[in-house]
Structure formats: structure tokens, C-alpha cells
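Residue numbers (my numbering), protein chains in the order written: chain A, 413 to 721; chain B, 413 to 721; chain C, 413 to 721; chain D, 413 to 721. Where is the CB? At the ideal position from N, CA and C, for every residue including glycine.
There are 4 protein chains.
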Amino acid sequence: MATTGVMRPGHIQLRVLDLDESTTFYKDVLGLVETGRDAAGRVYFKAWDERDHNSVVLRQADRAGVDLIGFKVKDKATLEQLDKDLQAYGVATERVPAGELLETGERVRFTIPTGHVLELYADKTDVGNGQPYTNPDPWIPAAEHGIGPHRFDHCLLYGPNLEQTLELFTQVLGFHLVERVLMEDGKSLLAMFISCSHKAHDLAFVCHPEPGKLHHVSFLLGSWEQVLRAADIMSMNRVSIDIGPTRHGITRGTTIYAFDPSGNRFETFSGGYESYPDHQPITWTFDEVGPAIFYHDRKLNERFLSVVT
Amino acid sequence: MATTGVMRPGHIQLRVLDLDESTTFYKDVLGLVETGRDAAGRVYFKAWDERDHNSVVLRQADRAGVDLIGFKVKDKATLEQLDKDLQAYGVATERVPAGELLETGERVRFTIPTGHVLELYADKTDVGNGQPYTNPDPWIPAAEHGIGPHRFDHCLLYGPNLEQTLELFTQVLGFHLVERVLMEDGKSLLAMFISCSHKAHDLAFVCHPEPGKLHHVSFLLGSWEQVLRAADIMSMNRVSIDIGPTRHGITRGTTIYAFDPSGNRFETFSGGYESYPDHQPITWTFDEVGPAIFYHDRKLNERFLSVVT
Amino acid sequence: MATTGVMRPGHIQLRVLDLDESTTFYKDVLGLVETGRDAAGRVYFKAWDERDHNSVVLRQADRAGVDLIGFKVKDKATLEQLDKDLQAYGVATERVPAGELLETGERVRFTIPTGHVLELYADKTDVGNGQPYTNPDPWIPAAEHGIGPHRFDHCLLYGPNLEQTLELFTQVLGFHLVERVLMEDGKSLLAMFISCSHKAHDLAFVCHPEPGKLHHVSFLLGSWEQVLRAADIMSMNRVSIDIGPTRHGITRGTTIYAFDPSGNRFETFSGGYESYPDHQPITWTFDEVGPAIFYHDRKLNERFLSVVT
Amino acid sequence: MATTGVMRPGHIQLRVLDLDESTTFYKDVLGLVETGRDAAGRVYFKAWDERDHNSVVLRQADRAGVDLIGFKVKDKATLEQLDKDLQAYGVATERVPAGELLETGERVRFTIPTGHVLELYADKTDVGNGQPYTNPDPWIPAAEHGIGPHRFDHCLLYGPNLEQTLELFTQVLGFHLVERVLMEDGKSLLAMFISCSHKAHDLAFVCHPEPGKLHHVSFLLGSWEQVLRAADIMSMNRVSIDIGPTRHGITRGTTIYAFDPSGNRFETFSGGYESYPDHQPITWTFDEVGPAIFYHDRKLNERFLSVVT
């Protein structure tokens, strides 16, 4: 079978400081579609072109950051097999019952060596992308509400133990290494970009002493012109832009980094090449970390390595 | 494992009427990179951003058309397994020895119910995309030679027996159905678009009485602006444009159809959504075949269903 | 003074067959802003980025077409001088009192040799573009309502006597010839594109036996991507597209031609070069009229020369 | 007459520290076309789409900066009239004989209150844009050599006495004020953007104690995607980027600022609205100077007000 195992990042649960303010932001500025609220007070969103019920879940908390990231797997049998594989590899897993997250099936939860909580799941209700499955139009008015990304695409996580994490993702979860940045020693991983598909990255990590931190959650746009439109909308709404519009050397994507009202960094990006598992990974040396991250400026800004939630 | 089995379309061998004229066309107008010639007189090309040695092979013949399409599989073990699976399914296969096609490993060849010759292979020499694997730039000058597509992306084949073909691809080769067009009876397949990845299509078929015909071979561009540039370059070089720039309803891609000097139709396109195997396929009814194919004109031109090679 | 005399096309009054249907079309599909209705039942519109009160005026009638086109001149003194110049040149003029057209000053009206009614005026109320004149944003939400062109840009008129018309515009009204298409005789004008600014055209004519006909009224978009969006919106709303997206050889603009509900052709376009009066005009020979008009197809469609209102 | 008087910025003479290095830069990185060298050692360039012989002239010197900016006027009679008008206004003028600058007619030279040397001229040899004046294509291969701007568009000058300078340009030279930034006092000019056409700016000034300084010379690109391509080419060639890609609040243009090898800042930009003399100028208050200049970041970088040549 051509696409098996882990298919894609499916949901991310973010902590926000003020749920009302954040809900307005994710709905009207970022332009996600609110799809539900649960008894725990969490607010659920999807991007307009996603078909599953939710991809972003907001939870009110006293500090910002990420609670968990969920990956959708091919089917229930795959979920069972991956759970066994994880345990066989020595990773403790637990089950979260279906429905704990709205419209989402049973999840296999585990913590990776960087300290982040990951989940696998096989089922989430198809609520469609606002178009029928018969004779659809290519886009819908909701695509132009706020920034209007097509989907939750990936996230960049900060934490320790990148080598062990890479081993786990490649040997158990079927990811392949797409690009990496090396430390000054020319061997250790400063950063890695990994894929379970032919996207240039489904997940990325930067080496960081504190575990479980979020650098950014990323949303896909349709074009470089949509990146400009996103930057304009950010400015109109006084969103704090970290950097961009610019291009990444890594993945080639064109991008903006900005902050949500709680200080969680998010990215709206477009483009990037396709990576297949037979492709030799790309390596960036420590002295070229500048263009690797910000291809035009050719140097990191001070916030890139220090500001995380 | 997340990406397994058949990974992607890897090569297509086209028949051309005048090899010199066609070589100039594919090199200087379409903007592929010539990578070799073999003892049989075939000329090999790759798109600038492809890493494998070849993706388009031209063979002089007295009629235009397609000889064969090759798909790259994950590895040698996958190749052996798929060969066994095909035979078990009742498909006769044969082996083509490594090297018969330049820089390409052993191939498993078979004919599908539409009458087309397909091949699977696990190895093709990585000659790179003109950039080092360490600290690369996002693109290279060759990207601007001629139209300069990023890669050979897919092809659309005309032939009979679409239902059997779909069964073979989904049950044996791991493809999933992304979109389909139904005949007037509301049941039979007029056309189908299938994927072995999360591309909107890795291969497509239209129902046609004569087996083994080529509607078009398709090349990926980076943006809608590159589609415009391609149309301009076609006009500058008096390339016969069939239709476009326009948008497909199916896959949402933006596109131009045009003809090579032998009358083989090719497409240069950009965009399209991502399709995962858990996504419900999209269906187009017979009365909406116009916008399905040409979304802006909302009707087929006379050539779409009749001119093939 | 650098910009003097006639500044730009300012308004066009179109005849439509069903005012309600047309109002909905111009407002919600084309995306103009309705700015008023007068006692005569006319409906007034402006494009979002125009500052003057109106640029498109619809009048219900039993046949479609154009009533008149108005050009704004620098100031009242210019208006008086141009009236004298026209009369001295032998053109009969009449005065239309201020207010006959809403929020519009006195107009000097005359008929040109092609049989079209033109007007000059110096005053139209500035109602702004939806942004303050202090610290504005670059665009506003209304820019995304419907197709949302930036402005009424020019029109293409069909009628006889192009040579005399060119002489009038260049010798009296300060226009310069930017491009022209010659008849088979290599001398007579088949078409001409003239400018009173450094736009590639502020007005255009095609030679036609019947006087006073409208080929199309044209609206400016911001980019080629906006041209794609316009074509998508046309298809979503079942607007009849004549041709496009494509590029003109003349002016280099990227374009779509389509029809309003009454059969009046309109254009939404982007781009084109800048033309100054010291630039030598560009000439297209009769055998190249195909790429001159539709650069990609390199041939006229049957409607271009025959369908006018 | 619609376009009269001063038509457009026609040439700028820049001082560079190393003529060979700079010639390579302007030719191969910026992508101008070298059109000549004179006995004084100056090197002449034009942008690919310009028709006149030269628009950028490089002169070797021991400090970078601008020698002079020339504006093309409508014709010889206009030149004589403007010379008289300048003298009548109290501006001392001198004549520079035809041929002093290659392929350029007699010039009227004068110094404006900001300390910059300006010139008016009526004649410069038309060498074409690489396309015939009969049946041209919309662009040529040279358009893709280096960054390949369409034309020299405007420059931003730093110096004192903005109010007097504005008066000179509006009362004598026919410019109109398009946008302005006010000082903290809400009255004095911090910056002004003026036009002799319907471009959003043909010339701009920022108030600065030292006279005759250059902030940047600006070149026009065709689209936001070309702005991205320009930034990529800058990075590939290790050009020092000041800021961008981003958008200006003033003029709405999308832009990159970067430095030539001598430290002269240049801009490659696209877009911007059209400004006619009947349009009310836009005013930016001192507290909004951030978004006025850099709309996305909403604050000036430290270099904007301090680094000039």
C-alpha cells in the first residue's frame, strides 16, 4: 500500500491565556472555522479546506504553549499495530477514549524524548470542507474570511534529545528525515525536519534544554500572494509579526511568523518542495544556520532561538 | 511505515516523429535537462528539480504516443512483493534487466486493462537537482531555462476497462481514488483520478474504446504566475496551445494543455489540493463534465475527448 | 504642468435590460459599490479604490450598449478651454448641467466620428475609497467583495472613421497613439489604442461599419492571481466567459472577457506596460492580429469581431 | 494636452567605489543592460524595458552617493519654457551641452533646496527595448537576466528644506503631492512623495540635516512574485538586504531595500496605486511613521533614518 501508517498531523491542542480573545483571533483574524465547544470549555476549529471535524483546539490556561499533537493514522488496525510497535520499542502508551476530544476516536498517547505529548488516532468525523462531494467548486467564501489558511500543516517543537527522537520517528513511526541542521561540532542535531508523507515537513524540532516547548504551529496558504495578504491582515489587526514575509532556506517555503494573543508563535506559509523517502536528506552546517532559517536575511533574529511557549 | 509501496511516477517513454526537433523542444522550450543518450538512440531528460537520472525518455518512431510509464517503489523488497502481488492477482509480469533504461535498476513490466504498459522499479541513479545536499539554494538558473517545470508529475491515459483498472490500482498497487466522472448512466466511469501519495493525482484515465492511448503527460510548475510564463514561452515559440491558462474543476489545478512537435499533448500546471486515502472521493456527474475539466469555460473543447496519441 | 488636460476615463453609462438583475450582478459578482440612484431610475456604482462618487451608471433600456463615456479633466478652466478647442476644431458641443449625473459637475458633451457620445467634466464629489486620508490601510474588506476591481479603467469601442477619431483625440484632446493594428492594406486602421496618461490605453477603438457600439468596458485588477480569482468567481456565478484568462499582445495585459446579464462584454484585467508620449507607437500587421489580441491562442475567436452591444 | 511638462525620471548618475565590481553587480545581479561607456570612464545602463539609451550611469569616486537625477520633459519647447520658469522663480540654471551624457540632448541643470542636482532634458536616443516596434512579444530573455527590473522608477532623497522643495516642484515643475509624513509638531514635513504623472511617486524626500544625500534609487518589478525572485537572487549573490520583502504603507508598494557594493541603497518594488492631481494627498502622522514606511513590521528599522550615501 502506498500511503500507510501515520498519514498526517491532525490536531494540536494549544493553551491560551484568554479564551474569548483567542477564539476571536483564531476565527476572525487567522480565519479558522469554529466547529464546536466541549464540556471542558475547549473551543474547536478547523481550516476551511480540512474535512475532519477539528485541527486546532484551544484550552484556557495560565501559561501558553502546546498540550499535545495528534497524528491521524490510516485505520484502526494501523493504530493497534503502532501501539504495539511503540511499546515494543520501549515507549509507554496510554489510551484516551473516543469522544474525549469532540468527534474523535480512541487515541494512543505517548511522550517523546523531547518531552512533547503525541497522539495517534484513526477516526475523526468528516464534516466536509463546505463543498459537496459531488461537483464542488474549487474554493468557498470562507476561504477569504480572515487569513483563511487551507489546513493545519505542521509544528516546530523545542526540546532535548533530538537524536533519540529522530530514531523513534524513523524506526517506529515511519517518518523520514528531510533536512537537518548540525551543531558547531558538525555531528549533533541542532534541528531536524521530518516527514511521514511527501511534504517537506510534517514535524520539526530544534534542540533546546527545556522539554515540551512550542516554537510555532504552522498553517498552509495557497500562494506567495496569499502570504502577502496574510501579512496585510496581520498589520490591519495589529498582530505582532516576528519576521516575514520571507523565505526559508530549509524546505524553501515562503513564510510569516507571528504571535497569537497569548504569545504562541504561528506561521502562515506557502510552497516548499516535495520530499520522498528515497531522497537523500539535506544538511545545513552550523555556519549556514542563518540562510537555512531565513534565506533572505541570512541571519537569525534574536527571537528565533529564545522565544518559545 | 508512512510512505511505502509505490511512491510516484518516475519515468515516461514517449514516441516522437523527429528526434532532433523533439530534443530541441524538450530541452529549450519545455526546459528539461538532457541527461543522456543510449545505444538505441533514445534521449533522456529530467526536470531541473528532480534528483533521479531521468523522467522523460524520447524514442523516434513513426507514430507518436506513449511506450510505457514507470513508477518508483520504496525499495527492492517492495518491488519483489509487488511483483508477487500482481501475479497473484492474475497480472502477467516480466522483468526488464537493470541498465536497459540508462541508470535505472531492474523493472517489473506489465500491461493494465486499459492497454498501457506500466513498470515498477526501485532504483534510479541520484544525479541531484543541480544543488549540493549541503546548504543548497532554493532554485538554480536551470529553473529558468525554457518553461522549466519542477518535475514530471502524472499523465492522463485513454483506454477501455476503467473499472478493472481501478480495482487493480487500488487493490494491488495501493492507490486510492481521488475523483471520478460518471457516464450518463450515473454508474460507469467516464474518468478517474488516482493517487499513490497525497498528490491530487499520480495517474488519471478517461474511458476510450482504443487501448493504450495518451491524452497528456503533465509537468509541475511552481505557481499560477509560472503558468502564465509558460503560456508566454509557448507563444514565443509558436507551440500549439490546446487550452489555457485555465483551471480544472477536478484537482483544482491551474493549467495549460499544448502539443509537442509530434502531436503528443502535454500539460504544464500548478496547484491542486492534497488528497489522503481517508478522504471521500469527489464525484462529477455527466452533466457537469464541462466545469469538471475546464472550470472557467464550463464546457469541453472538441479536442479534449477526440485528440489523443 | 506635468498632468494637464484630460486626466482619465471617469464614468460610463451602460444600458441594461433588467435593472434589478444587473444591479445585483454589478454589486455582488463584479463587486462594485453602489453609491446612489437618481430620479431617472439610474443606479450608480464605483470601484472600491476609486475616490469619485461614481464610475459606472446603469440605465434600464430595451437594448444593451453604451450611452456615453465621460473623461475627467484637470479643472474647470481646462474644461472651458477644451470646449473652445473642440468647437474650433469643428466639433459641436453641448453643455449638460451639473447634477444631471449625481454628484457630477457640468459636462461638455460631443459625438466623435465613431458615433460615440463623449463627455468632459471637471468635478465629481470625492467620496473616498473607504479609507481615511490619514494613516490609511492599503486595502479594505470591500476589495474582496465579488471580483472587486480597483477601478473602471478604459473601454473598447466599435465604429467607423478611426483615422478622423485618432486625429481628434491627438490634436485636440492631448491623447497619444500607443498601439495600432493595420488592415490588410497595411495602411488603414483596424484598431487603435490611445492614452491621455502613461497607461497603455485610456480608450481603444476597432473599425466597424455600425457606429456607436461597445465591445467592452474594462476594470483593473491588482495581479494575475486576481485574474484567476475573477475567473473562478465568474464560474461560480455562471457568468458567461468569452475568453481567458489569457494575455493580450497589445498592451501586454492579462485578461478575461465576459458578459454581463444584458450581453454587454466586460473585461477584468491586470498589468500592461507604461506608455509615454515620447514612445514610438507599436504597430501590428494584419497577419499578426491573432497574437495582437490573444497572445496565447494566436488567433481571434469568432466573437471578438462580431459580438458587440 | 494630457501629458505635458516633466514626464518622468529618466536618468540617475551614481557614485561607486569600484567601477568594475559595480558594473558586474548592476549588470549580472540587478540585471540592467550595459549600453555604453564614455571618455570620462562612466558606464551606462538601461533596464530591459526602457527604450531610451540610458537610465543609470555609474561614476567611480571615493565616496558613494548620487551626482544628479535627470527628468525627461515633453519636448525641446517644454525644456526652454521650464528653464525660463525656473529662472523666473529664482532658481539658477545652467546648460549642459548635448552629448556630455551619451546619447542625451542638452540639459538644464539646477540645484534644489535639499541640495540635490537635478536636470531636465528633452532628448535621449531611442534604442528600443529589445523588441521590434512591429508585432513585439511581451517580454524578452533579458528580462530574466539577474533581477531584471522593468525600469528605473524613482528615488528617495534626504536633505533639508522640504517645504521649499515642495513649493518648487508643485509651482514650477508641475508635480503634485501624493503623500506626506508629518513631524511630531503635526505641521512640518518629515517626508513627502510627489508625482509628475499618475505614478504614486516619481520622487520622494525625507527631511535630513545634511544636504544632497541618497536614501535609495528604485527599480520597478512586474509582480510580488518577482519581488520574491529578486530577494532570492540577492541572497544567492550575498547582496546585503536592508529590509523586505514587505509592503510600504505609503504608496502600498511591495518592496525590498538592499545595498549595492558601494553601500548605495536600492529598492526593487512592485505595485502601488495610481495618483492623479485631483486626488487629495494622504497624510501620515508622526506616531504612524512605522506602518507608513514598513506596513507589516509597523516600525522603522534603525537604518532607515540613519544610513544614506
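Inset, instruction - Taking Pro-550/B as the query, report the chain D residues whose CB atoms sit under 7 Å from its CB, ordered along the chain. - result: What you label residue 550/B is simply residue 138 of the second sequence in a count that begins at 1. Result: Asp-644.
Inset, instruction - Whole angstroms is fine: what's the gap from Gly-517/B's alpha carbon to Ala-534/B's? - result: Sequence index remark: in the second sequence, residue 517/B carries index 105 (1-based). Sequence index remark: in the second sequence, residue 534/B carries index 122 (1-based). Cα to Cα, the separation comes out at about 7 Å.
Inset, instruction - Determine the direct distance from the alpha carbon of Ala-476/C to that of Leu-431/C, and round the result to whole angstroms. - result: What you label residue 431/C is simply residue 19 of the third sequence in a count that begins at 1. What you label residue 476/C is simply residue 64 of the third sequence in a count that begins at 1. Their backbone Cα atoms lie some 11 Å apart in a straight line.
Legend entry - Exposure label - Asn-676/A; buried when at least 16 CB within 10 Å: Within the first sequence, the letter at position 264 stands for residue 676/A. Asn-676/A should be labelled buried.
Legend entry - Three-pair Cβ contact test at 8 Å for the region 443 to 450 of chain D versus the region 487 to 494 of chain D: Verdict: no, contact absent.
Inset, instruction - Could you tell me whether the Cβ atoms of Tyr-685/C and Arg-664/C are closer together than 8 Å? - result: The residue you call residue 685/C lines up with position 273 of the third sequence. The residue you call residue 664/C lines up with position 252 of the third sequence. In this structure, Arg-664/C lies closer than 8 Å to Tyr-685/C by Cβ.
Inset, instruction - Kindly say whether Lys-496/A, judged by its beta-carbon, lies nearer than 8 Å to any beta-carbon of chain B. - result: Numbered from 1 along the first sequence, position 84 holds the residue referred to as residue 496/A. Judged by the 8 Å Cβ criterion, Lys-496/A is not in contact with chain B.
Inset, instruction - Examine chain A for any beta-carbon lying closer than 8 Å to the beta-carbon of Ser-635/C, and answer yes or no. - result: Residue 635/C sits at position 223 when you count from the first residue of the third sequence. With 8 Å as the cut-off, Ser-635/C counts as an interface residue toward chain A.
Legend entry - Neighbourhood of Gln-543/A by C-beta, 8 Å cutoff - its chain only, sequence neighbours within 5 removed: Along the first sequence, read from residue 1 onward, the residue named residue 543/A stands at position 131. The answer, listed in chain order, is Asp-549 and Ile-552.
Legend entry - the region 454 to 465 of chain D touching the region 709 to 720 of chain C, judged by at least three CB pairs closer than 8 Å: Contact fails: fewer than three Cβ-Cβ distances are below 8 Å.
Legend entry - Whole-angstrom distance between His-528/A and Met-680/A, CA atom to CA atom: Position 268 of the first sequence, counted from the first residue, corresponds to residue 680/A. Position 116 of the first sequence, counted from the first residue, corresponds to residue 528/A. Sequence check: residue 680/A is Thr here, not Met. Their backbone Cα atoms lie some 22 Å apart in a straight line.
Inset, instruction - Determine the contact status of Arg-463/C and Asp-565/C, defining contact as a CB-CB distance below 8 Å. - result: Taking the third sequence and counting its residues from 1, the one referred to as residue 463/C is at position 51. Taking the third sequence and counting its residues from 1, the one referred to as residue 565/C is at position 153. Going by C-beta atoms, Arg-463/C is not nearer than 8 Å to Asp-565/C.
Inset, instruction - May I have the straight-line CA-CA distance separating Asn-649/D from Val-441/D, to the nearest angstrom? - result: As a first step, residue 649/D must be located in the fourth sequence, where it is residue number 237. As a first step, residue 441/D must be located in the fourth sequence, where it is residue number 29. Going by the C-alpha atoms only, they are around 7 Å apart.
Legend entry - Residues near Met-413/A in its chain [Cβ-Cβ closer than 7 Å; skip 5 each side]: Walking along the first sequence from the start, residue 413/A turns up at place 1. Here the model assigns Met-413/A a pLDDT of 49, short of 50, so the residue's position is not dependable and the matter cannot be decided.
Inset, instruction - Would you check if the distance between the CB atom of Ser-647/C and the CB atom of Tyr-707/B is smaller than 8 Å? - result: For the purposes of this step, residue 647/C is identified with residue 235 of the third sequence, where counting begins at 1. For the purposes of this step, residue 707/B is identified with residue 295 of the second sequence, where counting begins at 1. Yes, Cβ-Cβ distance for Ser-647/C and Tyr-707/B is below 8 Å.
Inset, instruction - Spell out whether any CB of chain D is found under 8 Å from the CB atom of Pro-653/A. - result: Taking the first residue of the first sequence as 1, we reach residue 653/A at position 241. Before going further, note that residue 653/A is Ile rather than Pro in the sequence given. Chain D, which has a Cβ nearer than 8 Å to the Cβ of Ile-653/A, makes this yes.
Legend entry - Exposure of Ser-718/C, with buried meaning 16 or more beta-carbon neighbours within 10 Å: Indexing the third sequence from 1 puts residue 718/C at position 306. Exposed, by the Cβ-count rule.
Inset, instruction - Confirm the yes/no value for this check: CB of Lys-484/A, any heavy atom of the ligand ZN, distance under 7 Å. - result: Here there are no bound small molecules, and the ligand ZN is not part of this structure.
Legend entry - Amino acids of chain C, ordered along the chain, whose beta-carbon sits closer than 9 Å to that of Tyr-707/B: Counted from its first residue, the second sequence places residue 707/B at position 295. Those are Ala-643, Asp-644 and Ser-647, listed as they occur along chain C.
Inset, instruction - State whether the region 627 to 641 of chain D contacts the region 581 to 590 of chain D, with contact taken as three or more CB pairs (one from each stretch) at a distance under 8 Å. - result: Counting Cβ pairs under 8 Å, fewer than three are found: no touch.
Inset, instruction - Measure the CB-CB distance between Pro-673/C and Leu-589/C and report whether it falls below 8 Å. - result: Numbered from its first residue, the third sequence carries residue 673/C at position 261. Numbered from its first residue, the third sequence carries residue 589/C at position 177. Against a cut-off of 8 Å, the Cβ pair of Leu-589/C and Pro-673/C comes out as no contact.
Legend entry - Close beta carbons around Val-428/C, own chain, < 8 Å, minus the five adjacent residues each side: In the third sequence, residue 428/C corresponds to position 16, counting from 1. Ser-434, Leu-470, Arg-471, Gln-472, Ala-473, Ala-476, Asp-672, Pro-673, Ser-674 and Asn-676.
Inset, instruction - Provide the residue span of the beta strand (DSSP E) that contains Asp-565/D, from first to last. - result: For the purposes of this step, residue 565/D is taken as the residue at position 153 of the fourth sequence. Here the beta strand (DSSP E) through Asp-565/D covers 563 to 571.
Legend entry - Proximity test, Cβ basis, 8 Å: Glu-518/B and chain A: Start at 1 with the first residue of the second sequence, and residue 518/B comes out as number 106. Chain A, which has no Cβ nearer than 8 Å to the Cβ of Glu-518/B, makes this no.
Inset, instruction - Report the partner residues of Trp-696/B according to the DSSP bridge assignment. - result: Taking the second sequence and counting its residues from 1, the one referred to as residue 696/B is at position 284. Val-593/B.
Legend entry - Whether Ile-481/B touches Pro-561/B by CB criterion (8 Å): Walking along the second sequence from the start, residue 481/B turns up at place 69. Walking along the second sequence from the start, residue 561/B turns up at place 149. No, they are not a contact pair.
Legend entry - Boundaries (first-last residue) of the alpha helix (DSSP H) holding Gly-702/B: The sequence position of residue 702/B within the second sequence is 290, counting from 1. Counting along the chain, the alpha helix (DSSP H) containing Gly-702/B begins and ends at 701 to 705.
Legend entry - Reference Phe-437/B; option with closest CA among Leu-568/B, Trp-696/B and Ser-652/B: Residue numbering aside, residue 437/B sits at position 25 when the second sequence is read from its first letter. Checking every option, the nearest Cα to that of Phe-437/B belongs to Ser-652/B.
Inset, instruction - For Thr-447/C, decide whether its Cβ has a neighbour in chain D, counting only Cβ atoms nearer than 8 Å. - result: Within the third sequence, residue 447/C is the residue found at index 35, counting from 1. Not closer than 8 Å to any Cβ of chain D, the Cβ of Thr-447/C fails to qualify, so no.
Inset, instruction - Determine the extent of the alpha helix (DSSP H) in which Glu-575/A is found, giving its start and end residues. - result: Stepping through the first sequence from its first residue, residue 575/A is reached at position 163. Taken as a continuous stretch (DSSP letters only), the alpha helix (DSSP H) holding Glu-575/A covers 574 to 583.
Legend entry - Rounded separation between Ala-704/A and Ala-510/A - CA only: Within the first sequence, numbered from 1, the residue matching residue 704/A stands at position 292. Within the first sequence, numbered from 1, the residue matching residue 510/A stands at position 98. About 41 Å.
Inset, instruction - Look up Phe-457/A in the DSSP assignment and give the residues it is bridged to. - result: Position 45 of the first sequence, counting from 1, holds the residue named residue 457/A. Beta-bridge pairing links Phe-457/A to Glu-446/A and Val-468/A.
Inset, instruction - Could you tell me which chain A residues have their CB closer than 8 Å to the CB of Leu-717/D, listed as they occur along the chain? - result: Against the fourth sequence, residue 717/D aligns to sequence position 305. Residues of chain A whose Cβ lies closer than 8 Å to the Cβ of Leu-717/D do not exist; the shortest such Cβ separation is about 20 Å.
Inset, instruction - State the beta-bridge partners of Arg-507/D as determined by DSSP. - result: Within the fourth sequence, the letter at position 95 stands for residue 507/D. Arg-507/D pairs with Val-520/D.
Inset, instruction - Give the residues of chain D in contact with Glu-433/B, contact being defined as C-beta atoms less than 9 Å apart. - result: Residue 433/B sits at position 21 when you count from the first residue of the second sequence. Near Glu-433/B there are no residues of chain D at all, since even the closest Cβ is about 21 Å away, more than 9 Å.
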